[in-house]
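Read through the structure below, which is laid out as structure tokens, and then see the notes.
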Amino acid sequence: STYQSDSSEVLDMDSVLLNHVISFRSNVEKITSALGNPDSIVPNTDECGTFFGIDSLRKFYFGRTWFEVNGDTAVIRDIDLRDGRFNLSLDRVRLNGRTSIADIAHAFPKSASQAYPPGDEERMGVMLVRIKTQPECDDYWVLSFQDGELARIEYWIPC
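When you line the sequence shown up against our numbering, it's residues 334 to 492, in that order.
Below, the structure written as structure tokens:
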């Protein structure tokens with residue numbers, strides 16, 4: 334993709350909260366205390382694009398939302414907003430399944446103005462918005478909008 338993000342717009346990973354209580358970088362006790370036991374725990378077989386960059390990782394799934402877990406440390410990797418169970422917040426920004434690209438444009442006008450389709454015909458009606466997770470970082474939050482509403486937030490890490 335020829336997409337270019339404006340590096341001045343950042344949805345700071347160290348300041349976001351999932352469901353107003355879980356930090357981006359948290360621990361297993363905190364997430365299970367807030368969300369209950371995971372629906373499933375599976376080995377992470379991803380060959381690249383992992384937060385911890387090592388092989389001994391697990392994924393904790395809560396529906397289609399998942400955390401990457403290394404030992405007791407857990408990081409948010411993919412948030413499914415479609416069933417209303419999850420939301421992500423930062424200061425005055427609240428992201429949930431009713432959030433539109435126009436809503437995103439209030440806090441992140443440059444990123445929202447560069448929304449783009451994913452490039453595969455299987456996902457008709459989908460638009461993506463990328464926002465940096467830190468100023469000097471190659472990772473992005475990828476916000477997926479389905480038919481105008483925010484459906485998913487992925488913490489994307491390049492290989």
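Quick reminder that beta carbons are idealized off the backbone N, C-alpha and C, glycines included.
Bear in mind the structure is a predicted one, so any value in this text is a computation, not a measurement.
- Of the other Cβ atoms in all chains shown, 16 or more fall within 10 Å of the Cβ of THR432; this residue is therefore buried.
- Rounded to whole angstroms, the gap between the alpha carbons of VAL375 and ASN420 is 23 angstroms.
- Per DSSP, reduced to three states, the secondary structure at ILE412 is strand.
- In the structure shown, GLU401 falls within a strand segment according to DSSP collapsed to helix, strand and coil.
- Residue burial annotation: SER373 is exposed, with fewer than 16 other C-beta atoms found within 10 angstroms of its C-beta.
- Taking the C-beta atoms as reference points, PRO491 is found nearer than 8 angstroms to GLY382.
- CA-CA distance, LEU428 to ASN370, rounds to 24 angstroms.
- When rounded, the separation of the alpha-carbon atoms in VAL402 and GLU342 is 28 angstroms.
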